[in-house]
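Residue numbers (UniProt numbering), protein chains in the order written: chain P, 1 to 161; chain B, 1 to 161. Cβ atoms here follow ideal geometry from the backbone N, Cα and C, with glycine treated the same way. To start, the structure itself, in C-alpha cells.
Number of protein chains: 2
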Amino acid sequence: MSVIKTEPLTADAFAPFGDVLEAAGDPDLLINAGACGRWHDRARLDFGPDGRAGISVFRATPRDLPYRLDLLERHPDGSQAFIPMAQDEWLITVAPDAGGAPGPVRAFIAAPGQGVNLLRGTWHGVLTPLHAPGLFAVVDRIGSTANLREFPLDPPVTIAR
Amino acid sequence: MSVIKTEPLTADAFAPFGDVLEAAGDPDLLINAGACGRWHDRARLDFGPDGRAGISVFRATPRDLPYRLDLLERHPDGSQAFIPMAQDEWLITVAPDAGGAPGPVRAFIAAPGQGVNLLRGTWHGVLTPLHAPGLFAVVDRIGSTANLREFPLDPPVTIAR
Numbered sequence: 001m002s003v004i005k006t007e008p009l010t011a012d013a014f015a016p017f018g019d020v021l022e023a024a025g026d027p028d029l030l031i032n033a034g035a036c037g038r039w040h041d042r043a044r045l046d047f048g049p050d051g052r053a054g055i056s057v058f059r060a061t062p063r064d065l066p067y068r069l070d071l072l073e074r075h076p077d078g079s080q081a082f083i084p085m086a087q088d089e090w091l092i093t094v095a096p097d098a099g100g101a102p103g104p105v106r107a108f109i110a111a112p113g114q115g116v117n118l119l120r121g122t123w124h125g126v127l128t129p130l131h132a133p134g135l136f137a138v139v140d141r142i143g144s145t146a147n148l149r150e151f152p153l154d155p156p157v158t159i160a161r
Numbered sequence: 001m002s003v004i005k006t007e008p009l010t011a012d013a014f015a016p017f018g019d020v021l022e023a024a025g026d027p028d029l030l031i032n033a034g035a036c037g038r039w040h041d042r043a044r045l046d047f048g049p050d051g052r053a054g055i056s057v058f059r060a061t062p063r064d065l066p067y068r069l070d071l072l073e074r075h076p077d078g079s080q081a082f083i084p085m086a087q088d089e090w091l092i093t094v095a096p097d098a099g100g101a102p103g104p105v106r107a108f109i110a111a112p113g114q115g116v117n118l119l120r121g122t123w124h125g126v127l128t129p130l131h132a133p134g135l136f137a138v139v140d141r142i143g144s145t146a147n148l149r150e151f152p153l154d155p156p157v158t159i160a161r
C-alpha cells in the first residue's frame, strides 16, 4: 500500500483546496476596546444559487496514525468548513480533481486552533480527528440535493507522519 | 452594583436569545459508515436581504468572575454565532429588548463543547472567554452596514456565580 506522509497545515499549501481558519499573524481589526482581535471573513464560502448556509455539529470517532484511507468524497454544490471545538491536532486529507476523479492525495495535520474551509467540489476524506472528543462545528450548504460524490480508493493508501 | 447570578446554558433557557450549538442527545443522522454523528442545521442564521455569511476568527482576552458588565451591543442586520475552539467554559451575557433598550440582563455559563448563535438583534455583551486561548470561530453577517448598536449600562452590573 502506498504511503503518504503528512504535512503541516499552512494557508499557502492548502490554498488550492480551501482556507485555513486560524488566528495567525496580526488580526485584521481590534474590537471591544482592544480586548478582541478579529481575523475577518477568512473563508471562501459558496452555497450555490439554491443553497443556504447552515451550522451543524459533528462528533467523530478519533483515528490513529498510520491511517488507512479508502474513500474520498466531494460536495459539488457547496463549500464545507470544519471548525474544531477542542485544542487538538486533527488530520485532513484532500486531493486535486483530475477529470472527475481524485488526483494525488495530500494529508495535512491541523495544529490546535486551526480549522479549514473546503472549496466547493474539493475531494476530501471523511472527518478524522486524532483525539477525543472529536467535536467540530461544520458550516456547509443546506439544500435539497444530495450534494455528495464518493470515490473509493482501490487500493487504499496509508497516511503516516 | 446589582449582582446577576450565572445560569447553566441550556437550549430551552437560551431559546429567546438564540441557539445552543452542541452535540447533545442523539445525533440527527449518522454519517461516514457510522463513525460520525451529525447534529444537523442547528442555527437560525439570518443575514438579511443584503448580507452574506462569513466565517471570522476571534481571539479575546480571558476574563474572571465576578465580571463587571458595562456595555451591551446588538447587530440589527444579522445573526452572530460564537463557536469556541477550545474545551473551556465561557460566559455569555444577553438581554431581551425592551423598547429599543436592553431589559433585564441574564448570564449563562457555556460548558465545554457549547457554542451559541445569537438571533439577529439580540442584546449581548462582548465576547467573554474565561480561559486562554479565548479562541472562537464567528459566523456572522458580512455586509456594507455598520450593523452595530451599543448601549452603555449605567450603572454597570456584576456577573457572579
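- The continuous beta strand (DSSP E) containing residue 151 (chain P) extends over residues 149-160.
- If the five residues before and after residue 106 (chain P) are omitted, its C-beta is found closer than 6 Å to the C-beta atoms of 94, all from its own chain and listed in chain order.
- Taking the C-beta atoms as reference points, residue 158 (chain B) is found no nearer than 8 Å to residue 102 (chain B).
- The CB of residue 117 (chain B) comes closer than 8 Å to the CB of 55 in chain P, given here in chain order.
- Residues of the segment 39-70 of chain B with a Cβ closer than 9 Å to any Cβ of chain P, in chain order: 39, 40, 41, 42, 43, 45, 47, 52, 53, 54, 55, 56, 57, 58, 59, 60, 61, 63.
- Per the C-alpha coordinates, the member of P:42, P:28, P:126 positioned closest to residue 34 (chain B) is P:126.
- Shown in chain order are the members of the segment 67-95 of chain B whose Cβ falls below 7 Å from a Cβ of chain P: 81, 83, 84, 85, 86, 87.
- When only Cα atoms are considered, residue 141 (chain B) and residue 97 (chain B) end up about 20 Å apart.
- Going by DSSP, residue 43 (chain B) is part of no alpha helix (DSSP H) at all; its letter is neither H nor E.
- Within the model, the alpha-carbon separation for residue 15 (chain B) versus residue 110 (chain B) is close to 14 Å.
- Secondary structure in the segment 8-67 of chain B: the beta strand (DSSP E) runs of 3 residues or longer, each lying completely within the stretch, are 18-21, 29-31, 36-39, 52-60 in chain order.
- When beta bridges are read from the DSSP output, residue 102 (chain B) appears opposite B:97.
- The criterion of a C-beta distance shorter than 8 Å is not satisfied by residue 92 (chain P) and residue 83 (chain B).
- Taking residue 145 (chain P) as reference, the option from P:8, P:75, P:152 with the minimal CA-CA separation is P:75.
- Within a 10 Å sphere around the beta-carbon of residue 148 (chain P) sit fewer than 16 other beta-carbons, which makes this residue exposed.
- In this chain, residue 87 (chain B) is not harboured by any beta strand (DSSP E), its DSSP state being neither H nor E.
- Across the set B:123, B:135, B:42, the C-alpha of B:123 shows the shortest separation from the C-alpha of residue 73 (chain B).
- Close to residue 137 (chain B), with beta-carbon spacing below 7 Å, are these residues of chain P in chain order: 21, 83, 115, 137.
- Counting the other CB atoms within 10 Å of its CB gives residue 85 (chain B) a total of 16 or more, which places it among the buried residues.
- Taking the CA atoms as reference points, residue 12 (chain P) sits about 12 Å from residue 116 (chain P).
- By the neighbour-count definition (other C-beta atoms within 10 Å, threshold 16), residue 60 (chain P) is a buried residue.
- The C-alpha of residue 47 (chain B) lies about 23 Å from the C-alpha of residue 18 (chain P).
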